[in-house]
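Worksheet: the structure to be examined is printed underneath.
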């Protein structure tokens, strides 16, 4: 596999895997996301179609632009994750204090029954690293690898 093909594959696989993990932990694992958790997902939602376009248009210059935009979106998610992790570890204050979730059904009962999720308390950690921390590590690392592979001569 060429470095260009590897970069495009990584640009698609990274946000798909991280979104699957986030959505799986929410809907299967019961971990309710806070506001900043949702913020980290938005750039990944954008990176998926950008990466798909980068793959589909790989023979054209616009395909490379789409690849760079996907890498930038992945990096942005990692930067938001780094900010969120800093809030969780008490390095700085966050922009919000809590959020609630709604299933879209009976809105008022959903609001009253939903747990209040604080952005400064990680719901899950592994080796002292929260989900936001893992998103930061994986997303920033993947974006850097995509950039390196894209600038590398085949």
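Numbering (our numbering), first residue to last: 1 to 154.
Just so you know, even glycine gets a beta-carbon here, dropped at the ideal spot from N, CA and C.
All values reported here derive from a predicted model rather than from experimental measurement.
Please classify residue i as buried or exposed, where buried requires at least 16 other C-beta atoms within 10 Å of its C-beta.
i           : result
residue 136 : buried
residue 39  : buried
residue 117 : buried
residue 41  : buried
residue 1   : exposed
residue 85  : buried
residue 61  : exposed
residue 82  : buried
residue 20  : exposed
residue 126 : exposed
residue 152 : exposed
residue 80  : buried
residue 30  : exposed
residue 51  : buried
My guess is that residue i and residue j are in contact by the Cβ rule of under 8 Å, so how many angstroms apart are they, rounded?
i           : j           : result
residue 11  : residue 67  : 6 Å
residue 25  : residue 131 : 7 Å
residue 5   : residue 150 : Contact doesn't hold; Cβ gap of about 11 Å is too wide.
residue 63  : residue 54  : 5 Å
residue 139 : residue 18  : 7 Å
residue 120 : residue 87  : 5 Å
residue 77  : residue 43  : 4 Å
residue 143 : residue 71  : 5 Å
DSSP on residue i, reduced to helix/strand/coil?
i           : result
residue 28  : coil
residue 126 : strand
residue 100 : Below a pLDDT of 50, predicted positions are generally treated as unreliable, and residue 100, at 43, falls in that range; no measurement from the model is reported.
For the alpha helix (DSSP H) containing residue i, name the first residue and the last one.
i           : result
residue 2   : It is not in any alpha helix (DSSP H) - residue 2 carries neither H nor E in the DSSP assignment.
residue 95  : Element bounds for residue 95: n/a, residue is neither H nor E.
residue 148 : 131-151
Inside the region 11-70 only - alpha helix (DSSP H) runs reaching at least 4 residues: 35-56
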